[in-house]
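A short write-up of the structure that comes next.
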Amino acid sequence: MPVTDVFARRATLRRSVRLLWKFRYEQPDPARFYGALAADTVALIGDLWLAVTGRDLAGTSLLDVGGGPGYFASAFNDAGVRYLGVEPDPGEMHAAEHTFVGGAGTFVRASGMALPFADDAVDICLSSNVAEHVPRPWQLGNEMLRVTRPGGLVVLSYTVWLGPFGGHEMGLTHYLGGARAAARYARKHGHPAKNDYGSSLFAVSVADGLDWAASTGALIATFPRYHPRWAWPVTSVPLLREFLVSNLVLVLSPR
1 MPVTDVFARR ATLRRSVRLL WKFRYEQPDP ARFYGALAAD TVALIGDLWL AVTGRDLAGT
61 SLLDVGGGPG YFASAFNDAG VRYLGVEPDP GEMHAAEHTF VGGAGTFVRA SGMALPFADD
121 AVDICLSSNV AEHVPRPWQL GNEMLRVTRP GGLVVLSYTV WLGPFGGHEM GLTHYLGGAR
181 AAARYARKHG HPAKNDYGSS LFAVSVADGL DWAASTGALI ATFPRYHPRW AWPVTSVPLL
241 REFLVSNLVL VLSPR
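What follows is the structure in structure tokens.
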């Protein structure tokens with residue numbers, strides 16, 4: 001059975017529309033958006049884990065690279081997962097009222113490009129919407145593979161630069177070029193964007209992600225994260241996929 005078959009049943013147009021509708025609350029009401037995204041992510045990881053191992057998530061260990069303020073921690077904790085988050089920005093770690101040690105999970109301040117964990121340390125390693133924020137995304141990917149035990153699960157999901165959300169809060173101006181979009185945002189708002197091109201936001205393509213994943217020998221599936229199942233084939237169409245795949249999921253299993 002293809003590893004995506006279980007999740008594919010959940011990947012409906014209704015789900016896509018629901019998540020897109022929630023996205024409008026990302027700035028004014030982060031808990032509303034990220035709470036919904038966290039629940040959807042637990043379902044995604046649970047489906048993929050079931051397909052790979054035949055088991056549910058309860059009792060597994062999961063390392064979340066770029067765990068942010070803890071919405072994912074709470075959702076995975078509710079699913080019975082032993083959650084460990086890595087976050088380099090202390091401001092992000094304390095942006096929501098969550099307990100990080102002994103509660104919803106444990107957080108470590110560190111870079112995803114140099115994870116402070118032993119080889120084969122966890123069952124599952126997840127990175128959700130982080131790769132576009134680091135200058136060496138595939139070094140991050142290699143670190144995720146290193147710390148995941150053989151037969152485990154690595155899920156790396158990132159926002160594609162040329163997709164409609166590639167510019168983040170800069171909107172569609174990223175199609176003018178990253179540097180130009182960043183300068184335009186700073187002039188308009190009087191300060192750089194939080195996701196500032198060249199410092200905290202980088203151009204990551206579908207093609208580069210697929211090439212890296214294939215080179216590892218561990219790739220088992222890939223699909224656009226928020227698209228309904230019938231739109232997944234767009235991932236296999238060069239050039240077009242760069243504009244139509246808003247977020248790419250790379251699913252790997254170390255050997």
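So the sequence shown is residues 1 to 255, counted in the UniProt record's numbering.
We treat Cβ as the ideally placed atom computed from N, Cα and C, and that holds for glycine.
Query	Result
Report the partner residues of T159 according to the DSSP bridge assignment.	N247
Are the CB atoms of V65 and L126 within a distance shorter than 8 angstroms?	yes
Among Y34, G68, A43 and R136, which has the Cα closest to the Cα of R9?	A43
In the structure shown, what three-state DSSP assignment does P238 receive?	coil
What are the uninterrupted segments assigned as beta strand (DSSP E) that are 3 or more residues long and contained completely in the UniProt domain "Methyltransferase type 11" (63-155), given in chain order?	82-86, 106-108 and 122-128
Using the three-state DSSP reduction, which class does L37 fall into: helix, strand or coil?	helix
Helix, strand or coil for T222? Go by DSSP, reduced to three states.	strand
Sort A183, P254, F107 and H227 by Cα distance to L244 and report the nearest one.	H227
Closest to A110 by CA distance: which of S128, V86 and A186 is it?	V86
Could you give the DSSP three-state label for S199: helix, strand or coil?	coil
Quick check: what's the CA-CA separation for A96 versus A75?	Low local confidence applies: a pLDDT of 42 at A96 is under 50, so the model's placement there is unreliable, with the coordinate-based value given in what follows. Looking at the two C-alpha atoms, the distance is approximately 14 angstroms.
Tell me whether T159 is buried or exposed, calling it buried when 16 or more other Cβ atoms sit within 10 Å of its Cβ.	buried
Going by DSSP, what residues sit across from L252 in a beta bridge?	V154 and L219
Do three or more CB pairs link the segment 155-172 to the segment 198-207 at distances below 8 angstroms?	yes
Taking 8 angstroms as the cut-off, decide whether the C-beta atoms of P150 and D120 are in contact.	yes
Does the distance from the CB of R14 to the CB of K22 come in under 8 angstroms?	no
Are the segment 211-225 and the segment 136-156 touching by the rule of at least three beta carbon pairs closer than 8 angstroms?	yes
Please classify D47: is it buried, with 16 or more other beta-carbons within 10 angstroms of its beta-carbon, or exposed?	buried
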